[in-house]
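> Numbering (this note's numbering), first residue to last: 6 to 168.
Ideal Cβ placement from N, Cα and C applies to all residues, glycine included.
Computed from a prediction, not measured in an experiment: that's the story for all the values here.
Mind having a look at this structure? Questions to follow.
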């Protein structure tokens with residue numbers, strides 16, 4: 006399916022050159038949620054560019070992901086207000102709780118995490134956002150409780166879908 010999606014996108018860019026690389030990468034990620042190795046190979050063939058060049062451009066920009074996002078995507082604000090109020094400790098607590106680093110997805114695909122420069126909720130610092138739900142004044146002690154609530158949601162949804 007990935008190959009078909011990428012191929013479909015590439016057909017919208019006939020005779021594309023190097024200047025089309027970023028828009029193509031954006032479209033593929035929009036469609037598939039991330040940039041797979043296979044997608045980058047196909048883009049390279051289409052643009053007649055080595056995959057190393059494609060990967061080099063994609064890794065330069067922090068908008069591109071190379072793994073699928075988890076069912077619950079956590080954004081950790083590291084803006085000035087959040088930093089001053091302890092977001093580094095919150096990030097460390099999340100890393101310990103989830104056993105992943107920023108930019109990664111848990112093995113079960115339930116959680117992914119990214120660091121963002123600013124969420125725009127400075128008065129509520131430190132802030133994390135999970136699938137659009139904001140958590141204000143997050144402490145390291147609150148992290149396990151927040152994560153456990155999402156683990157229960159995932160388990161309940163999985164149970165509901167199996168029934």
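I'd like to know whether the C-beta atoms of residue 103 and residue 152 end up nearer to each other than 8 Å.
Locating residue 103 in the chain shown gives position 98, counting from the first residue. Locating residue 152 in the chain shown gives position 147, counting from the first residue. Cβ atoms of residue 103 and residue 152: closer than 8 Å.
> Which residues does DSSP list as the beta-bridge partners of residue 133?
One-based indexing of the chain shown puts residue 133 at position 128. For residue 133, DSSP records a beta bridge to 81, 140.
> Touching or not, the segment 123 to 137 and the segment 106 to 114, by the rule of three or more beta carbon pairs under 8 Å?
no
> What are the partner residues of residue 117, as DSSP defines its beta bridges?
As a first step, residue 117 is located in the chain shown; it is residue number 112 there, counting from the start. The partner list for residue 117 (beta bridge, DSSP) reads 78, 110.
> Hey, quick one: how far does the alpha helix (DSSP H) through residue 65 stretch, first residue to last?
For the purposes of this step, residue 65 is taken as residue 60 along the chain shown, with counting starting at 1. It spans 56 to 65 - the alpha helix (DSSP H) in which residue 65 sits, taken as one unbroken run.
> Here's the rule: buried if 16 or more other CB atoms are within 10 angstroms of the residue's CB, otherwise exposed. What is residue 87?
Start at 1 with the first residue of the chain shown, and residue 87 comes out as number 82. When all chains shown are included, residue 87 counts as buried.
> Are three or more beta carbon pairs between the segment 43 to 50 and the segment 73 to 85 nearer than 8 Å?
no
> Reducing DSSP to helix, strand and coil, say where residue 40 ends up.
Residue 40 sits at position 35 when you count from the first residue of the chain shown. Three-state DSSP puts residue 40 in coil, outside helix and strand.
> Does the beta-carbon of residue 131 have 16 or more other beta-carbons within 10 angstroms, so that it is buried, or is it exposed?
For the purposes of this step, residue 131 is taken as residue 126 along the chain shown, with counting starting at 1. Burial check for residue 131: the Cβ neighbour count within 10 Å reaches 16 or more, so the residue is buried.
> Exposed or buried, which one is residue 35 when buried takes at least 16 other CB atoms within 10 Å?
The count along the chain shown starts at 1 and reaches residue 35 at position 30. Classification of residue 35: exposed, given that the 10 Å Cβ count is below 16.
> Please report the straight-line C-alpha distance between residue 69 and residue 48, rounded to a whole angstrom.
Taking the first residue of the chain shown as position 1, residue 69 is located at position 64. Taking the first residue of the chain shown as position 1, residue 48 is located at position 43. If I take the Cα positions, the gap works out to 15 Å.
> Let me see if you follow: with CB-CB separation under 8 Å, is residue 83 close to chain D or not?
This model lacks chain D altogether; it includes just one protein chain.
> Is residue 168 helix, strand or coil when you go by DSSP?
Within the chain shown, residue 168 is the residue found at index 163, counting from 1. Low per-residue confidence applies at residue 168: pLDDT is 45, beneath 50, and the placement is therefore not dependable, though the value from the model is reported in the following sentence. Correct three-state label for residue 168: coil.
> Give the single residue among 16, 76, 64 whose Cα lies nearest to the Cα of residue 38.
One-based indexing of the chain shown puts residue 38 at position 33. Among 16, 76, 64, the Cα nearest to that of residue 38 is on 76.
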